[in-house]
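Trainee: Residue 728 in this note's numbering is what sits at position 482 of the sequence shown, and the numbering runs on without skipping anything.
A virtual CB, placed ideally from N, CA and C, is assigned to each residue, including glycine.
The structure displayed is predicted, hence computed values, not measured ones.
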Amino acid sequence: MKPDRLDDEDSPQHSGNEVHSTVRMLIIEQPFPTTKPPLSEGRMQMKRRKRLSCFGLPLLLAFLLVSIPSVMAGQPTDNDRYVKSESISEMPGVFWEGTYGCPHWDWCYDVIEVSTGGFAMTGFHDSTWAGQDGKMWLVRTDSNGTLLWNRTYRYVGNPEQSSGQSLLECSDGGFAIGGYMTVYVQDTDTRHSEIWLVRTDAEGNQLWNRTYGGSGGDTCVELAGCSDGGFALFGITSSRGAGGSDFFLVRVDADGDMLWNHTYGYSGNEFPGPDGLVQCSDGGFAMVGNTWSLGLDAQVLLVRTDSDGNQLWSETYGESNWELGFDILNVDSDFLILAQRTDTVQQTSWAWVIRTDSDGDVIWERLHGAGIGESIVQCSSGGFAIAGYGGDMSTGIGGGWLVRIDDDGNLLWDRIYNRSDRDEFHEIIECSDGNFAMAGQTEVDWDAGDFEFWLLRVADQAPPIPIEWIVIGVGVPIAAVAILALLRAKRK
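Now the structure itself:
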């Protein structure tokens, strides 16, 4: 039988392990990468001094005009994107970073900026690495990343795993956490997951909680606040639907009482995007994820509903690759989808940005990589920012990836931030100052299975232009002109 009482406790008391956090304050004084841009392949072989005097000066001036603007544009090479730092102060554009956790496995899925200042994060906390002691975790920090308090949540008497997947601040200053809990059914000796919604006050003390789902397994990946004060929970169900697994949308009121629920899918398997829900201006919803039901590898699936959850239309995107939908935004009356396109043979992935009109028809699409974009935000200064994972897909070695694009999806700049070999961002938000906060996890000890929450505050600014690029782009042409002048002087 499932117990009906929620255990709300500080994780240090519960686990016997002290929750620790580290915050490093950094000055934005950015070092330059050590890699140089590729040199020009063209080399003109001058055989006669006469040819040099006739054509050398115009060619050198042309080279000067071409090389300086290209250097000043500062487009990074593949090596420049990868910034692995033993010293965190080497990371460009970082205000501060914080890590939070106790051994062994702490995994952050969402972050929000709190109206009273600071940040709140939710995810998964397991002090055993056995996978059986995982708890929904809420972490609260001040505006500099210093830990204020933390809470874990699980049912009393139910030692099964639970996790927070999505987080909202409510109008009263409290929080709503959407996620899942695993339920053990003693009569049948089976386990299944249920969607779990936990409502707290501003200090993280639980006010109420609700579960939704059946016996086949249901999980929430995204929580959205609705205009009436209620919530919409988007996830996956194997308890009902057309077959296999399907999109699952549950609508509840401000007290967590269910208003309606719907499933969406084909006869095979559909999986929701981790940030794949947005409410539209007409009160309906748009959901993105992927489908495996259409005889191909995974394709991106977009579903549009009315305000009662009835499906209006659906569209798929992709052809022969492995394509997964992660996040969706409302942009004016259009949709902006963040997806992943993977070449499974080459083991390479790209962040795939798709802009559609209100009917799901593609306006444009762009690929950026190599990496996986997991979260996208619209920037007040124009364009968008993407966060995720960038690195070697075959080995899993990589770091948190930040990509900045313009309004048409074209790359402005990108950076990979590494504390260790296996770091990843799951969420990006634009803060009240116009800069970014990105949250995910950082590896502490791979062999011990030790990861911690990772919160990084960075500036919305392009990486610095390496000084050696400027020296090459400006110094070489000037030196060449000087040599030409000397040669001409000798002729006289």
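My output table needs one value for I729: the three-state DSSP class, helix, strand or coil.
Mentor: For this step, residue 729 is matched to residue 483 along the sequence shown. Note: I729 maps to helix in three-state DSSP.
Trainee: In chain order, what residues of the same chain lie with their CB nearer than 7 Å to the CB of S261, ignoring the 5 residues before and after it?
Mentor: Translated into the one-based positions of the sequence shown, residue 261 becomes position 15. Unreliable positioning characterises S261 in this predicted model, as indicated by a pLDDT of 34, which lies under 50. The coordinate reading is nonetheless provided below. Once the five neighbours on either side are set aside, the close Cβ partners of S261 are C348 and S373.
Trainee: Just the Cα atoms here: how many angstroms apart are V431 and T465?
Mentor: Counting from 1 along the sequence shown, the entry for residue 431 is found at position 185. Counting from 1 along the sequence shown, the entry for residue 465 is found at position 219. Cα to Cα, V431 sits roughly 17 Å from T465.
Trainee: Can you tell me whether DSSP reads Y512 as helix, strand or coil?
Mentor: Locating residue 512 in the sequence shown gives position 266, where the first residue counts as 1. Three-state result, Y512: coil.
Trainee: Tell me which same chain residues have a C-beta within less than 6 Å of the C-beta of Q525, skipping the five on either side of it?
Mentor: One-based indexing of the sequence shown puts residue 525 at position 279. Closer than 6 Å at Cβ, skipping near neighbours: A470 and F531.
Trainee: Please determine, among G637, F517 and G529, the residue with the shortest C-alpha to C-alpha distance to Q545.
Mentor: Numbered from its first residue, the sequence shown carries residue 545 at position 299. Checked all of G637, F517 and G529; the closest Cα to Q545 is F517.
Trainee: What number of angstroms, rounded off, separates the C-alpha of R587 from the C-alpha of F671?
Mentor: By 1-based counting over the sequence shown, the position of residue 587 is 341. By 1-based counting over the sequence shown, the position of residue 671 is 425. C-alpha separation (whole angstroms): 18 Å.
Trainee: Write down every uninterrupted run of the beta strand (DSSP E) in the segment 341-405 whose length is 3 residues or greater and which is fully enclosed by it, in chain order.
Mentor: Here the runs fully enclosed are 351-359, 365-372, 381-387 and 393-401.
Trainee: Could you tell me the alpha carbon to alpha carbon distance between G615 and D638, rounded to whole angstroms?
Mentor: As a working note, residue 615 is residue 369 in the sequence shown. As a working note, residue 638 is residue 392 in the sequence shown. For G615 and D638, the distance between alpha carbons rounds to 11 Å.
Trainee: Straight-line CA distance for I632 to I729?
Mentor: Here the question's residue 632 lines up with position 386 in the sequence shown. Here the question's residue 729 lines up with position 483 in the sequence shown. Near 47 Å, if we compare the C-alpha coordinates of I729 and I632.
Trainee: Taking C-alpha atoms, which residue in G535, Y510 and T641 lies nearest to P520?
Mentor: On the sequence shown, position 274 is the one that residue 520 refers to. It is G535 whose Cα lies nearest to the Cα of P520.
Trainee: Along the chain, where does the beta strand (DSSP E) containing D589 start, and where does it finish?
Mentor: Here residue 589 is taken as the residue at index 343 of the sequence shown, counted from 1. Its beta strand (DSSP E) spans residues D580 to D589.
Trainee: Measuring alpha carbon to alpha carbon, tell me which residue in D691, T428 and Q592 is nearest I441.
Mentor: Here residue 441 refers to the residue found at position 195 of the sequence shown. Taking only the C-alpha atoms, the option nearest I441 is T428.
Trainee: At a cut-off of 7 Å, would you count Y346 as near the ligand HEM, judging by its Cβ distance to the nearest heavy atom?
Mentor: You won't find the ligand HEM in this model; it holds no ligand whatsoever.
Trainee: How should N656 be labelled, buried or exposed, when 16 other C-beta atoms within 10 angstroms of its C-beta is the threshold for buried?
Mentor: Position 410 of the sequence shown, counted from the start, is the residue given in the question as residue 656. N656 comes out exposed.
Trainee: Could you tell me how far apart the beta carbons of Q411 and G425 are, in whole angstroms, since I believe they sit closer than 8 Å?
Mentor: Position 165 of the sequence shown, counted from the start, is the residue given in the question as residue 411. Position 179 of the sequence shown, counted from the start, is the residue given in the question as residue 425. Right, their Cβ atoms sit about 4 Å apart.
Trainee: Please go through the same chain and pick out, in chain order, the residues whose beta-carbon is closer than 8 Å to the beta-carbon of L558, but skip the five residues on each side of it.
Mentor: On the sequence shown, position 312 is the one that residue 558 refers to. The residues are G530, R550, T551 and D552.
Trainee: Report yes if the C-beta distance between G522 and F572 is below 8 Å; otherwise report no.
Mentor: Your numbering for residue 522 matches position 276 in the sequence shown. Your numbering for residue 572 matches position 326 in the sequence shown. Going by C-beta atoms, G522 is nearer than 8 Å to F572.
Trainee: What would DSSP say about L540, mapped onto helix, strand or coil?
Mentor: Indexing the sequence shown from 1 puts residue 540 at position 294. If DSSP states are grouped into helix, strand and coil, L540 belongs with coil.
Trainee: Going by DSSP, what residue range makes up the beta strand (DSSP E) through A685?
Mentor: By one-based count along the sequence shown, residue 685 stands at place 439. From DSSP, the beta strand (DSSP E) with A685 extends over F682 to D691.
Trainee: Is the distance from the Cβ of W342 to the Cβ of N390 below 8 Å?
Mentor: The residue labelled residue 342 in the question sits at position 96 within the sequence shown. The residue labelled residue 390 in the question sits at position 144 within the sequence shown. Yes, they are a contact pair.
Trainee: Assign N455 to one of three DSSP states: helix, strand, or coil.
Mentor: As a first step, residue 455 must be located in the sequence shown, where it is residue number 209. Reduced to three states, the DSSP call for N455 is strand.
Trainee: Short of 8 Å in beta carbon distance, which residues of its chain neighbour L413, apart from the five on each side in sequence? Order them along the chain.
Mentor: Residue 413 sits at position 167 when you count from the first residue of the sequence shown. Cβ neighbours of L413 beyond the five flanking positions: D356, V357, I358, A366, M367, T368, L384, F421, A422, I423, G424 and L469.
Trainee: With C-beta atoms as the reference, is I600 less than 8 Å away from V608?
Mentor: Position 354 of the sequence shown, counted from the start, is the residue given in the question as residue 600. Position 362 of the sequence shown, counted from the start, is the residue given in the question as residue 608. Yes, the pair counts as a contact, with Cβ atoms nearer than the cut-off.
Trainee: Starting from C472 and walking both ways along the beta strand (DSSP E), at which residues does that stretch end?
Mentor: Counting from 1 along the sequence shown, the entry for residue 472 is found at position 226. Looking at the DSSP string, C472 is not in any beta strand (DSSP E), and its letter there is neither H nor E.
Trainee: Give every residue of the same chain whose Cβ lies closer than 6 Å to the Cβ of I643, excluding the five residues on either side of it in the sequence, and list them in chain order.
Mentor: Here residue 643 refers to the residue found at position 397 when the sequence shown is read from its first residue. Correct list, in chain order: G637 and D667.
Trainee: DSSP on E698, reduced to helix/strand/coil?
Mentor: Here residue 698 is taken as the residue at index 452 of the sequence shown, counted from 1. Here E698 sits in strand by DSSP.
Trainee: Comparing C-alpha positions only, which one of Q624, G541 and G511 sits nearest to L547?
Mentor: If you number the sequence shown from 1, residue 547 lands on position 301. When only C-alpha atoms are compared, the closest one is G511.
Trainee: Going by DSSP, what residues sit across from G637 in a beta bridge?
Mentor: If you number the sequence shown from 1, residue 637 lands on position 391. G637 is bridged to G644.
Trainee: Under a three-way DSSP split, which group does D433 fall into?
Mentor: In the sequence shown, residue 433 corresponds to position 187, counting from 1. D433 falls in the coil class under three-state DSSP.
Trainee: Within 10 angstroms of the Cβ of Q707, are there 16 or more other Cβ atoms? Answer buried if so, exposed if not.
Mentor: To locate residue 707, count along the sequence shown from 1; it is residue 461. The residue is exposed, with fewer than 16 neighbouring Cβ atoms inside 10 Å.
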